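What follows is a short report on a single structure.
Number of protein chains: 2
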Amino acid sequence: TSRAQSDPLPSWNEGAAKQSIIDFVRSVTDESSQSFVKPDDRIAVFDNDGTLWCEQPMYTQILFAMDQARAAVQKHPNYKQREIFQKPIKDDPSGLIAGGARASMELIASAHEEMTTDEFEKVVEDWLQKSKHPRFKTPFTQLLYVPMLEVLTYLRANGFKTYIVSGGGIEFMRPWTEKAYGIPPEQIIGSNCLLKYKSDAEHPSIIRTSTIEFIDDGDNKPVAIEKIIGRRPIVAGGNSDGDRAMLEWTTTGPGKRLAILVHHTDQQREYAYDRDSKIGHLDKALQQADAHKWTVVDVKKDWKRVFPFQQ
Amino acid sequence: TSRAQSDPLPSWNEGAAKQSIIDFVRSVTDESSQSFVKPDDRIAVFDNDGTLWCEQPMYTQILFAMDQARAAVQKHPNYKQREIFQKPIKDDPSGLIAGGARASMELIASAHEEMTTDEFEKVVEDWLQKSKHPRFKTPFTQLLYVPMLEVLTYLRANGFKTYIVSGGGIEFMRPWTEKAYGIPPEQIIGSNCLLKYKSDAEHPSIIRTSTIEFIDDGDNKPVAIEKIIGRRPIVAGGNSDGDRAMLEWTTTGPGKRLAILVHHTDQQREYAYDRDSKIGHLDKALQQADAHKWTVVDVKKDWKRVFPFQQ
């Protein structure tokens with residue numbers, strides 16, 4: 001345990017990736033260093049799917065959307081006629097896989113039109129409680145990357161404020177992200193459907209609509225960071241081309257910067273995918289990594305453990 | 312000074328308003344009380360114009376918008392033809408006064424189309440440096456309500472996270488709100504124009520557009536709170552019907568809640584206005600105050616001082 005206490009990243013193998021994270025944190029927190037950054041400006045942003053938790057064989061939100069669509073059609077038989085429900089009824093997720101964050105956001109928004117945000121929170125909690133990953137047969141919230149949890153904890157112990165900046169729905173993440181990652185609701189940034197306030201002297205509510213307001217992916221990630229945080233992060237973590245702009249925006253600012261790009265290379269303990277994958281497509285960001293000195297993590301080589309249940 | 316230390320609200324006269332604030336804070340921070348609220352859930356939201364700083368004879372943002380419009384027309388003579396610049400060219404703010412937050416947001420967005428967010432920040436800083444209030448002849452950032460600054464400090468000293476939720480532009484507030492109120496950029500919620508990311512390997516930027524994305528007023532205030540904070544506040548402060556929904560959303564939640572409604576009644580030290588005012592129109596919220604047990608502040612009666620320069 002004295003080893004564990006002195007090593008903030010015990011699930012990382014010794015190597016360039018681990019060292020670059022430790023060197024960066026030491027440098028920006030050392031008051032005598034020219035690279036010192038005052039605590040208020042220690043902002044760290046992380047993608048969620050494929051960066052903090054598993055996104056294969058498809059985004060968890062796609063599986064959730066499929067189940068919600070089928071339940072909605074059972075509840076409202078007239079939904080059977082609507083185009084958006086056709087493929088989910090046939091158990092076919094191809095439209096959602098090809099359509100990125102927008103497609104699953106739209107399906108969920110259509111399935112839960114007019115629901116209050118409180119009711120939706122319960123739907124997410126119930127679904128997560130009863131659903132299991134098709135390969136690992138565990139709840140999805142156990143498919144967190146232990147080495148990345150260590151990075152979050154290490155950063156916070158050094159005065160960083162950690163945020164999630166994900167293409168996933170804000171309201172799909174908040175019910176579980178605080179417990180899973182130690183990140184409070186106000187530090188969860190994501191996609192969202194348009195919400196409406198329903199005034200009432202005793203029980204007002206906030207209602208979901210079927211209109212998508214914002215998709216927090218690609219170039220919209222730095223935009224969301226500017227809009228909601230209003231500071232340029234000095235640390236960013238991602239794993240796909242959807243995170244490329246966020247990593248670029250983070251590392252082109254002045255002073256020392258850290259970008260972590262997770263490259264999934266371990267088919268045995270997890271999944272191996274990059275250029276040819278529709279989920280977590282990784283091509284341009286990998287090409288850009290060298291020029292920007294991004295820390296590319298080779299999962300097979302750099303991580304001692306992947307998931308909590310693997311020793 | 313021992314008096315000042317024991318009294319967290321020295322600029323408030325003794326009375327029901329002051330007492331309700333102190334009683335509330337004591338009650339939710341007392342671990343032995345049934346009303347105890349854990350620190351993470353101590354969220355407090357405040358309107359800005361007319362609640363934390365002066366909004367008369369018109370919103371500061373209107374004066375800023377007028378100046379920006381005139382400067383834009385000088386720089387781009389072809390703007391003279393555009394409808395949106397007609398009244399500002401004639402030094403006529405009536406369209407902006409009648410049009411609420413949206414009108415001044417649109418004018419500013421049109422005047423500064425294609426500007427980066429960094430450049431815009433400098434424009435705001437420069438303008439605030441050289442501009443003075445027409446009646447008080449001081450910089451606008453000195454027209455802060457001292458009693459409300461004390462409330463912000465008192466809440467934070469008791470573990471509250473303080474937010475601004477304003478109809479004003481996010482990017483118009485952030486350059487000065489941290490210094491003025493001690494509220495960091497990530498706790499400033501407001502209206503905004505659509506932003507675009509401009510990718511570049513060395514100097515990417517975030518660009519303003521002339522499209523308005525969100526107006527944070529009226530029913531949109533609780534919506535923005537849900538979207539960005541994701542927790543229901545237990546304290547809200549406002550002064551107009553634009554804050555009515557936010558106060559309602561805050562005080563209809565379970566447990567003890569506090570809403571502060573500032574009623575401007577002091578023409579001598581400041582301004583007196585409510586039902587008949589286009590700026591800071593206050594009617595419905597005042598009608599609703601009793602039923603919800605909102606703390607209505609009578610500026611003339613409840614505040615010992617209004618502005619920092621008044622002793």
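Protein chains in written order, with our numbering: chain L, 1 to 311; chain Y, 312 to 622. Don't be surprised by glycine CBs; every beta carbon is placed ideally from N, CA and C. Quick caveat: nothing in here was measured; it's all calculated off a predicted structure.
Residue i - partner residues in DSSP beta bridges
i	result
Trp176 (chain L)	According to DSSP, which records beta bridges pairwise, Trp176 (chain L) is partnered with nothing at all.
Ala272 (chain L)	L:Thr265
Asn503 (chain Y)	Y:Phe525
Trp303 (chain L)	L:Trp12
Ile207 (chain L)	L:Thr116, L:Lys196
Ile536 (chain Y)	Paired residues: none, contrary to the question.
Tyr163 (chain L)	L:Val45
Leu455 (chain Y)	Y:Trp364
Pro597 (chain Y)	The residue asked about is misnamed: residue 597 (chain Y) is Leu in this sequence, not Pro. Partner(s): none; Leu597 (chain Y) has no beta bridge.
Ala547 (chain Y)	Y:Val356, Y:Ala570
Asp609 (chain Y)	Y:His574
Gly169 (chain L)	L:Ser191
Anticipated Cβ contact below 8 Å, residue i with residue j, distance rounded
i	j	result
Trp560 (chain Y)	Pro204 (chain L)	6 Å
Met148 (chain L)	Thr51 (chain L)	7 Å
Ala109 (chain L)	Arg208 (chain L)	7 Å
Asp47 (chain L)	Gly182 (chain L)	Not quite, the Cβ-Cβ distance comes to about 17 Å (not below 8 Å), so this is no contact.
Asn531 (chain Y)	Lys227 (chain L)	Actually they do not touch by this definition, with Cβ atoms about 15 Å apart.
Trp364 (chain Y)	Tyr456 (chain Y)	7 Å
Tyr163 (chain L)	Ala44 (chain L)	7 Å
Cβ neighbour criterion (16 or more within 10 Å) applied to residue i
i	result
Ala4 (chain L)	Low per-residue confidence applies at Ala4 (chain L): pLDDT is 48, beneath 50, and the placement is therefore not dependable enough to give any value.
Thr312 (chain Y)	In this predicted model, Thr312 (chain Y) has a pLDDT of only 43, less than 50, meaning its place in the structure is not dependable enough to derive any value.
Phe214 (chain L)	buried
Arg353 (chain Y)	buried
His112 (chain L)	buried
Ser104 (chain L)	buried
Gly541 (chain Y)	buried
His263 (chain L)	buried
Glu342 (chain Y)	exposed
Lys443 (chain Y)	exposed
Gly566 (chain Y)	exposed
Asp92 (chain L)	exposed
Arg135 (chain L)	exposed
Gly591 (chain Y)	buried
Phe140 (chain L)	buried
Pro222 (chain L)	buried
Val37 (chain L)	buried
Ala201 (chain L)	exposed
Ala602 (chain Y)	exposed
Arg586 (chain Y)	exposed
Ile206 (chain L)	buried
Thr562 (chain Y)	buried
Glu394 (chain Y)	exposed
Arg26 (chain L)	exposed
Gly501 (chain Y)	buried
Ala236 (chain L)	buried
Pro77 (chain L)	exposed
Asp437 (chain Y)	exposed
Phe160 (chain L)	buried
Gln622 (chain Y)	exposed
Pro350 (chain Y)	exposed
Asp49 (chain L)	buried
Gln187 (chain L)	buried
Val411 (chain Y)	Per the sequence shown, the amino acid found at residue 411 (chain Y) is Gly instead of Val. With 16 or more Cβ atoms within 10 Å of its Cβ, Gly411 (chain Y) is classed as buried.
Phe309 (chain L)	exposed
Ala259 (chain L)	buried
Neighbour flag for residue i against chain A, beta carbons, 8 Å
i	result
His514 (chain Y)	Of the protein chains in this structure, namely L and Y, none is chain A.
Task: 4-residue-minimum alpha helix (DSSP H) runs that sit fully inside the segment 316-397 of chain Y, ordered along the chain - done: 327-340, 371-386
- [ ] Report the residue ranges of all alpha helix (DSSP H) runs contained in full by the segment 396-434 of chain Y; include only those spanning at least 4 residues, in chain order.
- [x] 397-400, 405-422
- [ ] Could you say if the segment 552-559 of chain Y and the segment 574-582 of chain Y meet the contact criterion of at least three C-beta pairs nearer than 8 Å?
- [x] no
TODO: Pair every Cβ in the segment 14-21 of chain L with every Cβ in the segment 298-311 of chain L, then say whether three or more of these pairs are closer than 8 Å.
DONE: yes
Task: Three-pair Cβ contact test at 8 Å for the segment 155-168 of chain L versus the segment 209-226 of chain L - done: yes
Task: the segment 316-325 of chain Y touching the segment 613-622 of chain Y, judged by at least three CB pairs closer than 8 Å - done: yes
Open item on the list: For the structure I just gave you, are there three or more beta carbon pairs, one from the segment 407-421 of chain Y and one from the segment 373-381 of chain Y, closer than 8 Å?
Closed with: yes
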